[in-house]
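Following: one structure in structure tokens, then a few remarks.
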Amino acid sequence: MAITDVIRRDLGFPEALNADRLFGLNGQAVDPNALVMFEQHACAIPPTDTVASRSVLIPGGEEMDRNLNMTIPELVDPAVNPAFQLDPVTLAPLTLPTPERVRPDRVLSRQGPISFALPVPPSVQAAKGIGTVEVWPFQDQGTTLSDGTVLPAAPLTWPSATLRAREGELVHTELSTRLNTHTIHMHAIEPTAMNDGVGHITFEVGGPIYRYQWRAADAGTYFYHCHKNTALHFEMGMYGFLIVDPDVTGAPFADGGPGTIRYRDGLLDYDREVLWAVDEIDVEWRTVMLANYGHSAGIVCPFYNTDGLGNPTGATNIGMHAFDPDIFLISGIANEWTQPGIPGNPFGEDGAAVRVRRGEVVLIRLLHAGYNTQRYTFGLPVEVIGIDGRTLGFGPFMQYSEPFTVPANTPFELTTARRWDLLIDTGNVATGEYDVHIDFYDWHVRTSDPNPPRTGFLDTKIIIE
Ligand SMILES: [Cu+2]
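Residue numbers for the sequence shown follow the numbering used here, beginning at 198 and rising by one.
Shown next as structure tokens:
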């Protein structure tokens, strides 16, 4: 089988991207270096020399975002490195792992960003004189399975629709962008650089579909986000949960449960799944950043800070630390609306509160999606069973850890991008309403002061009936 067939069948290779680099006029691969890069990364590869020359590789891309060299050409020169002595047509002998030659089990498609007007509660309306705040979710474009089954797209939400896969699956995340260039970074999945979606050190995507390939190797809680001008684009809300479910019947599960999660070396069924992405917004900061720095905001580096004409200014500080949030959110529900019983709450009378029947097993996947330090206090005991995508006590690599219980009314803190999986077996506690309180602290100040003034707080409840 010719390499072109492999690529086109298994990847739906976007021929517009570097097709001439990989294929000659007769459809045979002509550039062994490009082929090796393809074998490593399974995607359309911007050739090194083009990257170095700052040419626009992905239509719509920004030259300034792509001027770092990705590879050292000598390392992929077959004459220098025996690992790359491949037959460019037959691929033999092949010394690199090639998961990309397997048909993907799941293709998850996203388009973004979409400008989304998030309603804010009366306290923010009064203080800021605004009725909504702009966020930039990715929109689900549907899921395609290896047998051709197409699953419909989820409605537009913020945070963005969850990327969800089953442990062991080979997954493609498709990104098509609107308005400027962006990436999708599957945080903590750790694929190859070309599939990792970290702008500036590889490239950004503008317009057509780019396929990131990754293996859902470890069941756990992750998230995905745009990694271009990260401080700004993440703050604008270009993120969503990424969940890998264990390889069991029914996985991947629907958000909200029921489902099954790894617990130590075994499995545990839960009745209710709660996805809490806790975030904060400074409504002025984003405006100042965009107005003064455009899409250079978020790149604190002398080389990247330009005068608007592409000339480096040498500036190293563009004031991003002056972040003073006004809006505090649990999964898009702001300030007092997170509490139950607030009249006129568009998110429902329970707000962000969790209401379950006693005896149900509740799994809270907690994501720190903000920049402030977050201090959580639960009014009932919670068992921490997984941290940052890894199951505590799951061998062999997690055998020296184990789940632990945070007693009721005992605070714990999380910092940016942390994920904790919290288990609450409500059969072990009395019926009632249990407070969940979150304090926010400026992370600079918190570093040196254990009890600094808080920047804000949130309250909600776990209601066991
Ligand atoms: Cu972006």
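Note that beta-carbon positions come from the ideal geometry of N, C-alpha and C, so glycine has one too.
Item	Value
Examine ligand 1 and report whether any of its heavy atoms sits within less than 7 Å of the Cβ of K658.	no
Alpha carbons only, please: which of E599, N542, H424 is nearest the one belonging to M383?	H424
Short of 6 Å in beta carbon distance, which residues of its chain neighbour V445, apart from the five on each side in sequence? Order them along the chain.	T457
Please list, in chain order, all residues of the same chain as D337 whose beta carbon is under 6 Å from its beta carbon, the five residues on each side excluded.	A350, A351, A358
Tell me the residue span of the alpha helix (DSSP H) that contains W178.	An answer regarding residue 178 cannot be provided, because it is not within the stretch 198 to 662 covered by the chain.
At the level of alpha carbons, what is the spacing between Y631 and E401?	45 Å
Tell me whether H382 counts as near ligand 1, meaning its Cβ is closer than 7 Å to at least one heavy atom of that ligand.	no
Where G328 and Q322 are concerned, what is the direct C-alpha to C-alpha distance, given to the nearest angstrom?	5 Å
Who does M383 pair with in a DSSP beta bridge?	Y421
Given a cut-off of 8 Å on the beta-carbon distance, is the pair L526 and D468 in contact?	no
From V626 to L577, what does the alpha carbon distance come to, in whole angstroms?	8 Å
Helix, strand or coil, according to DSSP, for R554 in the structure here?	coil
Measure the alpha-carbon distance for E271 versus D618 and round it to whole angstroms.	Confidence is the limiting factor: at E271 the pLDDT is only 43, short of 50, which leaves the residue's position unreliable, though a coordinate-based value still follows. Going from the Cα of E271 to the Cα of D618 covers about 44 Å.
Which class does F637 belong to by DSSP, given the choice of helix, strand or coil?	strand
Between the region 604-619 and the region 400-416, are three or more C-beta pairs nearer than 8 Å?	no
Looking only at C-alpha atoms, which of G454, M595, R361 sits nearest to Y460?	M595
For E470, report the span of its beta strand (DSSP E) as first-last.	469-478
Give a yes or no on whether the C-beta atoms belonging to W640 and Y568 are separated by under 8 Å.	yes
Taking P334 as the reference, give the member of G326, T374, R361, A362 with the closest Cα.	T374
Quick check: is any heavy atom of ligand 1 less than 7 Å from the C-beta of K425?	yes
DSSP on S528, reduced to helix/strand/coil?	coil
Do M184 and ligand 1 come close, with the Cβ less than 7 Å from some heavy atom?	Since the displayed the chain opens at 198 and closes at 662, residue 184 lies outside it and no answer follows.
What's the gap between the Cα of G548 and the Cα of Q536?	5 Å
Measuring straight from C-alpha to C-alpha, what distance separates G590 and L560?	17 Å
Just list the residues that DSSP pairs H565 with in beta bridges.	V475
Hey, R562 and V441 are a contact pair by Cβ (cut 8 Å); roughly how many whole angstroms apart?	About 11 Å; that fails the 8 Å criterion.
So, with DSSP's three-state summary, where would you put P319?	helix
Can you tell me which of the three DSSP states T652 falls into?	coil
Around the C-beta of G326, are 16 or more other C-beta atoms found within 10 angstroms, so that it is buried, or is it exposed?	exposed
On the DSSP bridge list, what partners appear for W617?	L563, I584
Below 8 Å on the Cβ atoms is my guess for D523 versus V480; work out the distance and round it to an integer in Å.	5 Å
Please determine, among D466, R587, H634, the residue with the shortest C-alpha to C-alpha distance to G454.	D466
Given I530, which residues of its chain have a CB within under 7 Å of its CB, disregarding the five upstream and five downstream residues?	F544, G548, A549
Tell me where the alpha helix (DSSP H) around T378 begins and ends.	Taken as a continuous stretch (DSSP letters only), T378 belongs to no alpha helix (DSSP H), as it is neither H nor E.
What residue from Q410, H565, I406 has the CA that sits closest to R303's CA?	Q410
Put R461 into one of helix, strand or coil per three-state DSSP.	coil
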